[in-house]
Amino acid sequence: MKVCIVGASGKLGRYMVRHALDRGYEVVGVCRGKSVGKLEEFAGRITVVPGATDDREVIRRAVAGCDGVLTVLVPWGVKGYSTGTAQAVMDHAPAAARLVFSCGWHITRDGQDVYGLTFRAFVKIFGWLGRLARAVDINDQVEACRRVFASGTRWTVVRGSDLEEGESQGLPVWSRHVGDPVLESNLTRRVDFALFMVEALVNDELVHEAPAIVGCRTPSARAYAQPA
Ligand SMILES: NC(=O)c1ccc[n+]([C@@H]2O[C@H](COP(=O)([O-])OP(=O)(O)OC[C@H]3O[C@@H](n4cnc5c(N)ncnc54)[C@H](OP(=O)(O)O)[C@@H]3O)[C@@H](O)[C@H]2O)c1
Numbered sequence: 001m002k003v004c005i006v007g008a009s010g011k012l013g014r015y016m017v018r019h020a021l022d023r024g025y026e027v028v029g030v031c032r033g034k035s036v037g038k039l040e041e042f043a044g045r046i047t048v049v050p051g052a053t054d055d056r057e058v059i060r061r062a063v064a065g066c067d068g069v070l071t072v073l074v075p076w077g078v079k080g081y082s083t084g085t086a087q088a089v090m091d092h093a094p095a096a097a098r099l100v101f102s103c104g105w106h107i108t109r110d111g112q113d114v115y116g117l118t119f120r121a122f123v124k125i126f127g128w129l130g131r132l133a134r135a136v137d138i139n140d141q142v143e144a145c146r147r148v149f150a151s152g153t154r155w156t157v158v159r160g161s162d163l164e165e166g167e168s169q170g171l172p173v174w175s176r177h178v179g180d181p182v183l184e185s186n187l188t189r190r191v192d193f194a195l196f197m198v199e200a201l202v203n204d205e206l207v208h209e210a211p212a213i214v215g216c217r218t219p220s221a222r223a224y225a226q227p228a
């Protein structure tokens, strides 16, 4: 199995590299040139393609021959960075490749998610401040995911809850819709978010799903998760 990790140098990205190497996968990582040093611990074990993740030529080279592509979608700036990244991956990955994208609970696939007042207020204020500072454009991530949902690719969009650091607790549980009581704890270990992304590569039940995830040991998961 050969996998490309787009955004490999970030926190989520590096956890994904570790999980992929643990499984014996061949790994190609894409990250900004200035961040290549953050992948030093994997030197000799992965191939690094430096460059912006929305650079179509960089992505074309990185995803060639890959069975799977794990993409960290982050809406940096106000020039469609997320959308450009997702589109480049979809255009250049082999047709049969599994494509797994990361985002947050705020992305909705079918409008059936139910958000609390605090969550909605946070997204609105953060979105407004991000655009004002021209630092982050949440709508860019929304558009990126809209294109993924509409595509004919073998996609999964993993929607992360709030995140924390710490040892792995195991594969998060998931639901199709935010508002499901199983998600109420709204917390996942970042290492396990990465685990879910990597596991999704080989779980065909997740093709064309947008799972919202939560840590498997959180109170809501313990109370409401169905036994596997
Ligand atoms: N943080 C949360 O609480 C949270 C909650 C739910 C879901 N998520 C989702 O989780 C994913 C990643 O989250 P994370 O918090 O763990 O972040 P992360 O892995 O640290 O990812 C940040 C990524 O953004 C890149 N980046 C940073 N500044 C940039 C810039 N100015 N221009 C271009 N790229 C830049 C980083 O690359 P460099 O290494 O080059 O800096 C890295 O690849 C995202 O899809 C996010 O929507 C996060």
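Note that the sequence shown covers residues 1 to 228 in UniProt numbering.
Using N, Cα and C, we set each Cβ at its ideal position, and we do this for glycine too.
Per DSSP, Ser175 is not a residue of any alpha helix (DSSP H); the beta strand (DSSP E) it occupies stretches across 173-175.
For Leu99, the enclosing beta strand (DSSP E) starts and ends at 98-104.
In the three-state reduction of the DSSP assignment, Thr83 falls in the helix class, which pools H, G and I. Distance between Ser9 and Asp180, taken at the CA atoms: about 32 angstroms.
For Ala212 against Trp105, the beta-carbon gap comes to about 5 angstroms, under 8 angstroms, which counts as contact. Distances from the CA of Val6 to each of Asp54, Lys38, Pro94, Ala43 were compared; the closest alpha carbon is that of Asp54. CA-to-CA, the gap between Val191 and Ala144 works out to about 24 angstroms. In the three-state reduction of the DSSP assignment, Asp180 falls in the strand class, which pools E and B. A distance of 7 angstroms or more separates the beta carbons of Asp140 and Thr218. Taking each of Val157, Arg61, Pro172 in turn and checking the Cα distance to Leu70, the smallest one comes out for Val157. Cβ contact annotation for Val123 (same chain, cutoff 6 angstroms, sequence separation greater than five): His106, in chain order.
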